[in-house]
Each structure stands twice: as C-alpha cells, then as structure tokens.
Amino acid sequence: QPSFYEIAIETGTDKVTLHTYQDMYERYLSPKRNRKIRLLEIGLGCWLGYGLGSAYHTWTEYFSSLKEIYFIEKDVECADRLSRELSDATIVTGDPGDEAFLAGFLLEHNTKFDIIIVSGGHSVVQQMESLRTLWKAVKPGGVFFCEYLETSYMENYGGKGKIRSTTKGKSMIQFLQDISQDMM
2 QPSFYEIAIE
12 TGTDKVTLHT
22 YQDMYERYLS
32 PKRNRKIRLL
42 EIGLGCWLGY
52 GLGSAYHTWT
62 EYFSSLKEIY
72 FIEKDVECAD
82 RLSRELSDAT
92 IVTGDPGDEA
102 FLAGFLLEHN
112 TKFDIIIVSG
122 GHSVVQQMES
132 LRTLWKAVKP
142 GGVFFCEYLE
152 TSYMENYGGK
162 GKIRSTTKGK
172 SMIQFLQDIS
182 QDMM
C-alpha cells in the first residue's frame, strides 16, 4: 500500500507540501487503515485556490474500507459545487466556530467518528469550539486532529493580541495545555 505521504503528493493536498503532517497522520492512522471508519474533516480547501477537494481524494484512497466521509465547509458556494462532484461524501455548510451549528450537526447526524480533523477552521475560535463541541463525537479509540496550531500566534487568525472574547484571552495552544492539565 502506498504511504500517506505518497497518496497526499499524488492528490495535491497541502498536508505534506506546505505542512509536514505526514508523520503524524501515518503514525496514528495506519493502524486504522483497513478498518471501516467514519471520518469528519472541517474544510474542503475552498479558500486555497488549489487542491480543492484534495483531502477527500487523499482519505478515500488512504482508507480502502472507508465507511463514511463527512465535511463541514463554511463557503456555501464551494460546498454546493463539491457536493455535486463528490456525491458519496456528506458535505454540510456552516461555521466551525459556531457552537449552535456544531451541536445541530451532531444532533442531525447522530453518529460517532473514528477520526475528526480540524483543517479548515484556522481561527483560534474555530479550533477551540470545534474541539469543545465535537470531542464528544469521537468514538472510544478514535483520534482528533487539529491542524494549523501555529495560527495561535498569528493576529489575523485571532492569535496574539487579537484573541476574541469568546476564547477568554487564550490561544489554542494554551487551551490544549489547560485541557491536558485537567486530565492529570
């Protein structure tokens, strides 16, 4: 079987070109590779201008026994277009930073996921809310990935001095540290 890296290069996702997520994904996902899994990813790459829908192709090739694949995308026009092209994916439009939307998504779909990936929610608010709300939808033994943690230090994503009040002045990195200390 080709590696995650090989598939990601072939499908054109930035998960291995601009970012180096291949080691993380290969390490945690390879044991699940031949299982029937249910995957949710936030973001279809609509804002990138390249690699549109590449995550879909990466995951469907990597997981030969993929049971279901869901995407949450904020860009309505892009999501509608991709819904027609990727007919076996469930694509829902909404803001991953909106607790009510995410709670409604969980209620409507009433399912647990083996894998949840926050890729399209780059802002600190979107990352925190996605983790807070969607964590309960991860199956026991499942994994939750949050890409783009570096945005905790970028003002245009709500990091540094421009963290919105809903984050209580914390970056995503600080939020994760608080959670890990609560688990001790």
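Sequential numbering from 2 applies to the sequence shown in this note's numbering. Glycine included, every Cβ here is placed at the ideal spot set by N, Cα and C.
In the assembly as shown, residue 83 is a buried residue. Its beta-carbon has 16 or more other beta-carbons within 10 Å. Residue 43 sits close to residue 118, with the two beta carbons spaced by under 8 Å. Counting the other Cβ atoms within 10 Å of the Cβ of residue 86 gives fewer than 16, which makes it exposed. Apart from the 5 residues on each side of it in sequence, residue 121 sits with its Cβ closer than 6 Å to the Cβ of 43, 44 in its chain, given in chain order. Contact check for residue 100 and residue 130: beta-carbon distance about 5 Å, within the 8 Å limit, so the pair qualifies. In this model, residue 77 and residue 142 are separated by some 32 Å (Cα to Cα). Nearest Cα to residue 174 within the set 145, 135, 128, 139: 128. About 5 Å separates the Cβ atoms of residue 17 and residue 6, confirming a contact at the 8 Å cut-off.
Shown here for residue 71: same chain residues with a beta carbon closer than 6 Å to its own, the five before and five after excluded, namely 41, 91 in chain order.
Note that the C-beta distance between residue 145 and residue 139 is below 8 Å. Cβ-Cβ distances below 8 Å link residue 179 to 171 in the same chain, with the five nearest sequence neighbours on each side left out; the list follows chain order. Sequence-distant Cβ neighbours of residue 12 in its own chain, meaning closer than 6 Å and more than five residues away, are 55, 58, 59.
When DSSP states are grouped into helix, strand and coil, residue 32 belongs to the helix group.
Secondary structure note for residue 146: its beta strand (DSSP E) is the uninterrupted segment 139-147.
The beta-carbon distance between residue 34 and residue 63, rounded to whole angstroms, is 7 Å. This is short enough to meet the 8 Å contact definition.
In the three-state DSSP reduction, residue 43 falls in the strand class (E or B).
Selection 23, 32, 106, 66 evaluated against residue 135 yields 106 as nearest (Cα-Cα).
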